[in-house]
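The structure appears right after this line, and notes come after that.
Numbering (our numbering), first residue to last: 143 to 356.
Below you can see the structure in the form of structure tokens.
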């Protein structure tokens, strides 16, 4: 708006300056001079500027978005609902059941005594096996070198050779000084072949018993 006012003031001042008499002014008797086209130009420019500004303001107002505040919406809150109290479940009345009648126990059948099966003649006549007597444990005896020195030094020196062992004592043989000997025979003065074992001979010298390995 200030530019418009300045333009109007400037145009009015120019008009006043143009109407002031000068030395070259036209005499009174002369006919009035026809206004020139240049004196109207400032007015036309000022009017065009005013119209342009007015049109710009009108267009700006039409294009500016209209801001409207949304109206406050009142939401009605529902009143609080009291919690529903669950009704206690109805107790079903069960009628008392009639006592069950116990079935009568069936009488137990009396046991029937079956006759013992007759023994077969083969089983009846077969004798029971007779247990064999256990073999007596062999007595542990010392060897000749384990006898006392006084006894060992007096034992007669004999040479033992081959032997034959059998379950029957009568068939057992031992070669002593190249002579076959049986159990119980005296092989030297005071020296007796008392027993023949599987791996050694039992010798008896004046009551001292000892082993001689084969």
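Ideal placement from N, C-alpha and C gives every residue a C-beta, glycine not left out.
| Item | Value |
| --- | --- |
| Those residues which DSSP pairs with residue 346 across a bridge | 334 and 351 |
| Enclosing alpha helix (DSSP H) for residue 300 [first to last residue] | No alpha helix (DSSP H) contains residue 300, which DSSP labels as neither H nor E. |
| Host alpha helix (DSSP H) of residue 294 (start-end) | 291-294 |
| Straight-line gap, residue 280 to residue 296 (C-alpha atoms, nearest Å) | 27 Å |
| Distance CB(residue 302)-CB(residue 321) smaller than 8 Å | no |
| Under 8 Å between C-beta atoms of residue 335 and residue 323 | yes |
| Per-residue DSSP class, three states only, for residue 287 | helix |
| CB contact flag (residue 350, residue 293, <8 Å) | yes |
| Start and end residues, beta strand (DSSP E) containing residue 323 | 321-323 |
| Three-state class that DSSP yields for residue 341 in the structure shown | coil |
| Own chain partners of residue 311 with C-beta closer than 7 Å, once the 5 adjacent residues on each side are dropped | 325 |
| Identity of the residues DSSP links to residue 201 by a beta bridge | The partner list for residue 201 (beta bridge, DSSP) is empty, contrary to what the question assumes. |
| Close-in-space but distant-in-sequence residues of the same chain around residue 341 (CB under 7 Å, 5 per side omitted) | 355 and 356 |
| Coil, strand or helix - residue 328 by DSSP | strand |
| Identified DSSP bridge partners for residue 192 | According to DSSP, which records beta bridges pairwise, residue 192 is partnered with nothing at all. |
| Residue 343 versus residue 286 - alpha carbon distance | 11 Å |
| Cβ-Cβ separation, residue 352 to residue 284 (assumed contact under 8 Å), whole Å | 6 Å |
| Residue 189 versus residue 203: straight-line alpha-carbon distance, rounded | 21 Å |
| Best match in 338, 339 and 345 for proximity to residue 331 [C-alpha to C-alpha] | 345 |
| Cβ separation of residue 316 and residue 338, assumed to be a contact under 8 Å, to the nearest whole Å | 6 Å |
| Residue closest to residue 182, alpha-carbon to alpha-carbon, out of 154, 148 and 327 | 154 |
| Of the listed residues 305, 309 and 298, nearest to residue 328 (C-alpha basis) | 298 |
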